[in-house]
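Asker: The numbering used here numbers the first residue of the sequence shown as 1 and each following residue consecutively. Glycine included, each C-beta is placed from N, C-alpha and C at the ideal position. Below are the structure tokens for one structure; questions will follow.
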Amino acid sequence: MTKNYKRLVLMTALLAVMVVGLGAYTRLSDAGLGCPDWPGCYGFLTVPDKAHEIAAAEQNFPGLEVHQGKALKEMVHRYFAGTLGLLILAIAVYAMRNAKLPNVPLRLPVVLLLLVVFQALLGMWTVTMNLQPLIVMGHLLGGFSIASLLWLLYLRSHTKPVFGGDAGAKALQGWSMAALSMVIIQIALGGWLAANYAAAHCVGFPMCEGSEAFSLSKVFHLPMEHANYEYGVLSYDSRMSIHLLHRFGALMTLLVVFSAMWQVFKGAYSRTIKNAVLAVVAALVAQVCIGIALVYMQIPLLVALAHNLMALLLLLTLVRLCYLQKAKC
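This is how it looks when you write it as structure tokens:
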């Protein structure tokens, strides 16, 4: 039964990564409001495609035109997210019933269940509040958090600590935690950039054209009381400042993570820890390369999607490293 539990956790973690990807694809395709209501779509459980359904949708939502392509993207994301929620519920129920079994923690599945409920609320508010940037960023961070915690749960159910462990690596766990914190901050900045449609508001590399107009106060300006936030409502200078801060954050993330990984690699003697460090470095280098390509290629959809998913992969590699250091593997 425990093997089935491990498989369920791994399958759910993989599905969470897929849901993050689908969410990014929906957002990048400007399909976040493909369905103007929640949880259905124009009052239907599926995308309206028949003539009478489309007529009813346009009557119930005057002034809105049914875009079936965008609506389908949004609903596919919701279907997968709903399935993810049910699987997390199954994990939590199993943990409650079998908490005394080895490698079956209870607290983490309960936290995941509460988080996925809150994530569903954020999904609803994303639509009902017409892509309010703070809600959109929170929804993105919620998806990353669920995927990371599911990965951690799988590690806890699958990885067997070794007695004694790597004392050198454990002593350097603070470096890994600093790297993890920096990556989380950078992901949040990326979420704020995406929520305000600021990706295209920076011409040039490594600096933006007109970067002398950068203002930190404009970065964290919260647009309020707008009827619709789709495509962004901030000024060009504000969005340029958001984009430029994300680039500054990327440079800081590169320096902090690389420095931290160098320290851990030097101090560790376990091959498992060293390999985990190399996985982090590989994900970091790949993410930097994708970010640069994204600018030079003028933000193609698939490259932007890869940038989102690689950020998640970098986060997951750091979660694994921190866990291995703590678990003395």
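Going by beta carbon distance, what residues of the same chain come within less than 7 angstroms of leucine 89, once the five residues before and after it are set aside?
Answerer: Along the sequence shown, one-based indexing puts residue 89 at 89. Cβ within range, chain order: Leu113.
Asker: CB-CB under 7 angstroms to leucine 22, same chain, minus the five flanking residues each way: which ones, in chain order?
Answerer: Within the sequence shown, the letter at position 22 stands for residue 22. Result list for leucine 22: Val76, His77, Phe80, in chain order.
Asker: At which residue ranges does the segment 248–303 contain complete alpha helix (DSSP H) runs of 4 or more residues, listed in the order of the chain?
Answerer: 271–296
Asker: So what does phenylalanine 205 bridge to, in DSSP terms?
Answerer: One-based indexing of the sequence shown puts residue 205 at position 205. Looking at the DSSP assignment, phenylalanine 205 forms no beta bridge with any residue, so it has no partner.
Asker: Considering methionine 75, what are the terminal residues of the alpha helix (DSSP H) in which it resides?
Answerer: Within the sequence shown, numbered from 1, the residue matching residue 75 stands at position 75. Unbroken alpha helix (DSSP H) run through methionine 75: 68–97.
Asker: Proline 133 to leucine 189, Cα distance in whole Å?
Answerer: The sequence position of residue 133 within the sequence shown is 133, counting from 1. The sequence position of residue 189 within the sequence shown is 189, counting from 1. Distance between the alpha carbons of proline 133 and leucine 189: 12 angstroms.
Asker: In terms of alpha-carbon separation, which member of Leu312, Leu131, Ala199 lies closest to methionine 297?
Answerer: As a first step, residue 297 is located in the sequence shown; it is residue number 297 there, counting from the start. Minimum Cα distance to methionine 297 is reached at Ala199.
Asker: Using 8 angstroms as the cut-off, can you tell me whether the segment 248–260 makes contact with the segment 228–237, which would need three or more C-beta pairs spanning the two stretches below that distance?
Answerer: no
Asker: DSSP three-state label for cysteine 35, please.
Answerer: To locate residue 35, count along the sequence shown from 1; it is residue 35. DSSP places cysteine 35 in coil when its eight states are reduced to three.
Asker: Tell me the DSSP bridge mates of phenylalanine 44?
Answerer: For the purposes of this step, residue 44 is identified with residue 44 of the sequence shown, where counting begins at 1. Partner(s): Cys41.
Asker: Classify arginine 7 as buried or exposed, calling it buried when 16 or more other Cβ atoms lie within 10 Å of its own Cβ.
Answerer: Residue numbering aside, residue 7 sits at position 7 when the sequence shown is read from its first letter. Per the 10 Å Cβ criterion, exposed.
Asker: Quick check: what's the CA-CA separation for glutamate 209 versus cysteine 202?
Answerer: The residue given as residue 209 occupies position 209 in the sequence shown. The residue given as residue 202 occupies position 202 in the sequence shown. Approximately 7 angstroms, taken between the alpha carbons.
Asker: When the Cα of histidine 307 is compared with those of Ala286, Thr126, Asn4, which residue comes out closest?
Answerer: In the sequence shown, counting from the first residue as 1, residue 307 sits at position 307. Closest option to histidine 307, Cα to Cα, is Ala286.
Asker: Just the Cα atoms here: how many angstroms apart are glycine 164 and glutamine 325?
Answerer: Walking along the sequence shown from the start, residue 164 turns up at place 164. Walking along the sequence shown from the start, residue 325 turns up at place 325. Here glycine 164 scores only 46 on pLDDT, less than 50, and its place in the model should not be relied on; the value that follows carries that caveat. Spanning the two alpha carbons is a distance of roughly 12 angstroms.
Asker: Compute the Euclidean distance between the alpha carbons of tyrosine 25 and methionine 261, then round it to the nearest angstrom.
Answerer: What you label residue 25 is simply residue 25 of the sequence shown in a count that begins at 1. What you label residue 261 is simply residue 261 of the sequence shown in a count that begins at 1. Looking at the two C-alpha atoms, the distance is approximately 31 angstroms.
Asker: Give the secondary structure of histidine 221 by DSSP, where H, G and I count as helix, E and B as strand, and everything else as coil.
Answerer: For the purposes of this step, residue 221 is taken as the residue at position 221 of the sequence shown. Histidine 221: coil per DSSP, three-state reduction.
Asker: Does the separation of the CB atoms of threonine 2 and leucine 150 fall below 7 angstroms?
Answerer: The residue given as residue 2 occupies position 2 in the sequence shown. The residue given as residue 150 occupies position 150 in the sequence shown. No.
Asker: At a cut of 8 angstroms, does the segment 33–41 reach the segment 85–104 through at least three beta carbon pairs?
Answerer: no
Asker: Secondary structure at glycine 164, three-state DSSP: helix, strand or coil?
Answerer: By one-based count along the sequence shown, residue 164 stands at place 164. At glycine 164 the pLDDT is 46, less than 50, meaning the model places this residue with poor confidence and gives no usable figure here.
Asker: Looking at C-alpha atoms only, which residue of Gln263, His243, Asn4 is the closest neighbour of alanine 194?
Answerer: Along the sequence shown, read from residue 1 onward, the residue named residue 194 stands at position 194. The candidate whose alpha carbon is nearest that of alanine 194 is His243.
Asker: So, with DSSP's three-state summary, where would you put methionine 240?
Answerer: For the purposes of this step, residue 240 is identified with residue 240 of the sequence shown, where counting begins at 1. In the structure shown, methionine 240 sits in a helix (DSSP, three-state: H, G or I).
Asker: Please identify the residue among Val127, Asn4, Leu10 whose C-alpha is closest to the C-alpha of aspartate 30.
Answerer: Here the question's residue 30 lines up with position 30 in the sequence shown. Nearest to aspartate 30 by alpha-carbon distance, out of Val127, Asn4, Leu10, is Val127.
Asker: From leucine 10 to leucine 180, what distance separates their C-alpha atoms?
Answerer: Counting from one through the sequence shown, the residue named residue 10 turns up at place 10. Counting from one through the sequence shown, the residue named residue 180 turns up at place 180. Their backbone Cα atoms lie some 22 angstroms apart in a straight line.
Asker: Contact check, glycine 168 vs alanine 268 under 8 angstroms by CB: the rounded distance?
Answerer: In the sequence shown, counting from the first residue as 1, residue 168 sits at position 168. In the sequence shown, counting from the first residue as 1, residue 268 sits at position 268. That belief holds up - the Cβ atoms of glycine 168 and alanine 268 are roughly 5 angstroms apart, short of 8 angstroms.
Asker: Are the CB atoms of leucine 28 and leucine 301 within a distance shorter than 7 angstroms?
Answerer: Here the question's residue 301 lines up with position 301 in the sequence shown. Here the question's residue 28 lines up with position 28 in the sequence shown. Yes, the pair counts as a contact, with Cβ atoms nearer than the cut-off.
Asker: Starting from the Cα of leucine 87, find the closest Cα among Pro109, Leu284, Ala51, Ala71 and give me that residue.
Answerer: The residue labelled residue 87 in the question sits at position 87 within the sequence shown. The shortest C-alpha to C-alpha distance from leucine 87 to any of Pro109, Leu284, Ala51, Ala71 is the one to Pro109.
Asker: So, using beta-carbon positions, are alanine 282 and leucine 314 closer together than 7 angstroms?
Answerer: Along the sequence shown, one-based indexing puts residue 282 at 282. Along the sequence shown, one-based indexing puts residue 314 at 314. Contact: no.
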